[in-house]
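Student: Sending over a structure as C-alpha cells; questions will come in a sec.
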Amino acid sequence: MAAVATLNVRLPEDLKERGMQVLEREGVSVSELIRDLFRELEATQELPDFARAREIERSAGEAKRAALREFVRLGRTFEDAEVSIDPRDAYREHLLWKHRPGVRA
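Okay, so the sequence shown: first residue is 4 according to our numbering, each after it adds one.
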C-alpha cells in the first residue's frame with residue numbers, strides 16, 4: 004500500500020460549515036473531494052479555472068506592489084542625489100523659456 008499523507012487546512016469556521024452543507028447534500032466527504040482535486044491536478048498538470056482566477060488577482064496585486072516599491076526606490080535615489088533643485092528656480096527657467104524673444108504667448 005502507498006504511503007498516506009495528511010493535510011491540515013485552516014479556514015474560517017463559517018466557510019467550513021457552508022461547505023460541509025454542500026458536501027453532505029451531495030454525499031461526498033472532504034477526503035473524497037480533496038483526492039479528486041489532487042487527481043485532477045496530476046492529470047492536467049495545471050490549476051483549475053477557479054484557482055487560476057485567484058492567481059490572476061494575486062498577480063495584479065503583486066504587480067501593483069512591485070510598481071510601488073520601484074516608485075519608492077526612485078524617490079530614495081532622487082533624495083540621495085547630490086543635485087539640489089529649487090522648484091522656484093525651475094519655474095523661473097520655465098517662464099524665461101516660455102516668454103523668450105520670438106515666442107508668442
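Note that CB positions come from ideal geometry on N, CA and C, so glycine has one too.
Would you check if the distance between the CB atom of leucine 44 and the CB atom of valine 33 is smaller than 8 Å?
Tutor: Counting from 1 along the sequence shown, the entry for residue 44 is found at position 41. Counting from 1 along the sequence shown, the entry for residue 33 is found at position 30. No, the pair does not count as a contact, with Cβ atoms beyond the cut-off.
Student: Output the distance between the C-alpha atoms of proline 90 and alanine 70, rounded to the nearest integer angstrom.
Tutor: Within the sequence shown, the letter at position 87 stands for residue 90. Within the sequence shown, the letter at position 67 stands for residue 70. Each residue's alpha carbon lies about 26 Å from the other.
Student: Please confirm whether isoleucine 37 and leucine 10 have their CB atoms less than 8 Å apart.
Tutor: Here residue 37 corresponds to residue number 34 of the sequence shown, with the count starting at 1. Here residue 10 corresponds to residue number 7 of the sequence shown, with the count starting at 1. Yes. Within cutoff.
Student: For glutamine 24, which of helix, strand or coil comes out of DSSP?
Tutor: To locate residue 24, count along the sequence shown from 1; it is residue 21. Note: glutamine 24 maps to helix in three-state DSSP.
Student: At which residues does the alpha helix (DSSP H) containing aspartate 92 begin and terminate?
Tutor: If you number the sequence shown from 1, residue 92 lands on position 89. That run of the alpha helix (DSSP H) goes 90-101.
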